[in-house]
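Visitor:
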Amino acid sequence: MTTSENARKPILAANWKMHKTVQESVDFVTALLPLVEGAQGVDIVIAPPFTALERVGTALAGSAVQLAAQNVNPEEKGAFTGEVAPSMLEDVGCRLAIVGHSERRALFGESSEFVARKTAALLERSIQAIVCVGETLAEREADRAFSVIEEQLKGSLALVPDDRGGELVIAYEPVWAIGTGKTATPDMAQEMHAFIRAQLGKRFPSDADSIRIQYGGSVKPDNVRDLMSRADIDGALVGGASLDPQSFAQIALFEA
Ligand code: PEP
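To get the working numbering, take the position in the sequence shown, counting from 1, and add 6.
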């Protein structure tokens with residue numbers, strides 16, 4: 007392991023998607039915090055639905071667990087019914103926001119160009135973007151996984167200033183592994199993560215080694231350690247297994 011690999015602090019993030027009421031969210035935090043108290047050397051992040059952000063932020067106050075949003079609109083204000091601006095996320099204490107999740111790309115038609123605008127808008131507010139990329143099963147079977155990821159990265163990071171790459175987190179989430187119980191093998195994930203880091207190296211030559219790349223896709227307590235043992239896998243973005251505090255705590259404390 008190189009010095010720069012050692013410097014990448016693991017980042018384990020819970021993406022609750024459209025799950026949990028405000029009370030359920032607060033109950034989760036109440037159960038989680040004692041389980042992860044004293045966890046050192048990892049960043050633990052929770053992305054609840056928008057409705058629970060403020061109360062979860064209050065419940066997390068004083069802990070090291072960080073609050074994230076699942077989405078953002080790049081505009082600062084205006085006639086954008088149903089949308090939430092970066093300043094509003096800042097207002098409730100979000101330190102990070104997920105952008106470009108495959109569900110948003112596939113179900114809500116979001117393009118890499120739109121993801122690029124979101125990423126740039128978050129940087130303006132010093133909210134860390136977790137930029138998701140991932141290929142579908144059809145794309146992998148057609149031998150297009152690497153070119154798809156290259157395109158998504160290029161498009162989604164197009165508006166990041168050259169000297170700010172180090173502020174990003176990238177999440178590689180093969181679409182065929184999300185919520186399906188199928189996980190990329192650690193070797194498959196590592197191969198793609200190394201490819202992603204090489205692409206980041208072209209765009210951000212001095213920062214690529216310090217950018218954390220999360221794996222996402224059916225991460226669970228029993229596979230996280232193996233995934234995290236690979237050189238370029240620096241964290242996990244977790245959906246289903248993050249909904250239960252015990253399960254997410256085991257993932258967050260994978261090294262223990
Ligand atoms: C996700 O939604 O980011 C995800 C990886 O989900 P799951 O862990 O359920 O596959």
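Ideal placement from N, C-alpha and C gives every residue a C-beta, glycine not left out.
Just verifying my parser: in three-state terms, what is the DSSP assignment at Thr9?
Guide: At Thr9, the pLDDT of 41 sits below 50, so the modelled position is not reliable and the matter cannot be decided from this model.
Visitor: For Val154, does the three-state DSSP call read helix, strand or coil?
Guide: Residue state, collapsed to three classes: helix.
Visitor: Do Ser224 and the ligand ZN come close, with the Cβ less than 7 Å from some heavy atom?
Guide: Ligands displayed in this structure: the ligand PEP; the ligand ZN is not among them.
Visitor: Could you check which residue in Glu96, Ala75, Val181 and Gly222 has the C-alpha nearest to that of Leu113?
Guide: Taking only the C-alpha atoms, the option nearest Leu113 is Val181.
Visitor: Can you give me the C-alpha to C-alpha distance between Gly91 and Glu82, rounded to a whole angstrom?
Guide: Here residue 91 turns out to be Ala, not Gly, going by the sequence shown. Approximately 5 Å between the Cα atoms of the pair.
Visitor: For the alpha helix (DSSP H) holding Ile217, just list the boundary residues, first then last.
Guide: Note, Ile217: premise wrong, no alpha helix (DSSP H); not H, not E.
Visitor: Looking at C-alpha atoms only, which residue of Ala164, Leu163 and Ala195 is the closest neighbour of Arg146?
Guide: For Arg146, the nearest C-alpha among the options comes from Ala195.
Visitor: Which whole-angstrom value is the C-beta distance of Val175 and Ile136, which I expect to be below 8 Å?
Guide: That pair is a contact at about 5 Å.
Visitor: Taking DSSP's pairing of strands, which residues face Ala20 in a bridge?
Guide: Beta-bridge pairing links Ala20 to Ile52 and Val244.
Visitor: If we call anything under 8 Å between Cβ atoms a contact, is Ile52 one with Val42?
Guide: Not a contact, by the Cβ cut-off of 8 Å.
Visitor: Quick one: residues in its chain with C-beta nearer than 8 Å to the C-beta of Gly161, no 5 flanking neighbours on either side, listed in chain order?
Guide: So the qualifying residues of the chain are Ser117, Ser118, Glu119, Val121 and Ala122.
Visitor: Under 8 Å by Cβ, that's how I've got Gly88 and Cys138 pegged, so tell me the actual separation to the nearest angstrom.
Guide: In fact, because the Cβ distance is near 21 Å, the residues do not count as touching under 8 Å.
Visitor: With three or more beta-carbon pairs closer than 8 Å as the criterion, would you say the region 54 to 71 touches the region 26 to 40?
Guide: Output reads yes: the region 26 to 40 touches the region 54 to 71.
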